[in-house]
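Have a look at the structure below, then the notes.
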Amino acid sequence: MNQNVKKILFGCILIFLMIQLIRPARNIDYGQLPSSDISKVYQIPEKIQSILRNSCYDCHSNSTDYPVYSYIQPLSFYLENHIQKGKKELNFNEWGHYSDRKQANKLESILNQIQQKKMPLPSYIYLHHGAKLSEKQIEEMASWIGRIQAENGKAK
Ligand code: HEC
């Protein structure tokens, strides 16, 4: 092998090893499910509950179920960035602290995101095939959201 190629290769390996030392804080909450969790705010059917847990909570809650590859940089950066951004926009664990108006907006937004297949993020589905929502699950989510919207409408 050419001397320069060897040097570059060695440099790359070194950089790869060095970045492994960077360990971002993990999004893990060892406590119980908080009382502000969406499941404590509404009666959520088991089916819907498992869709949310399975496909959304990794990025939209205070506790991520980290896969093995997530410990490898630069994947770890990439993932952590999605978690921080996702949580900021929508945190199912904090639902109870949202105002009525914010809850209504987020419900509408959830419906749009899943119907347009923007959520869960495609890059996430690529690694978690099980997180992809089937047409049936999208319909189930839509009718559940519709029910809550109808109830809230009546309450006002
Ligand atoms: C891999 C991480 C990840 C997963 C899994 C994920 N999201 Fe997101 N979500 C994000 C990120 C990041 C954003 C911020 C906007 C963006 O970058 O697209 C976001 C934004 C959103 C928004 C927009 C919030 C707003 O106020 O407009 C909604 C709604 C949403 N996600 C719903 C969901 C639902 C429902 C699921 C599960 C079916 C889900 N997401 C799964 C990462 C994720």
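Residue numbering for the sequence shown follows my numbering, beginning at 1 and increasing consecutively. All residues carry an ideal CB built from backbone N, CA and C; glycine is no exception.
Using CA coordinates, which residue listed in the options is at the minimum distance from residue i?
i	options	result
residue 23	58, 115, 80	80
residue 104	8, 7, 149	149
residue 18	9, 118, 73, 67	73
residue 67	153, 142, 152, 129	129
May I ask you to check if the CB of residue i is nearer than 7 Å to at least one heavy atom of the ligand HEC?
i	result
residue 89	yes
residue 119	yes
residue 131	yes
residue 86	yes
residue 109	yes
Would you call residue i buried or exposed, if buried means 16 or more other Cβ atoms sit within 10 Å of its Cβ?
i	result
residue 37	buried
residue 224	Any question about residue 224 goes unanswered here, given that the chain covers just 1 to 156.
residue 120	buried
residue 48	buried
residue 35	exposed
At the level of alpha carbons, what is the spacing between residue i and residue j?
i	j	result
residue 61	residue 4	47 Å
residue 88	residue 112	18 Å
residue 134	residue 140	10 Å
residue 52	residue 144	12 Å
residue 131	residue 2	46 Å
residue 136	residue 56	17 Å
residue 45	residue 147	12 Å
Specify, as a first and last residue, the run of the alpha helix (DSSP H) that residue i falls within.
i	result
residue 18	3 to 19
residue 46	46 to 55
residue 76	75 to 89
residue 100	100 to 115
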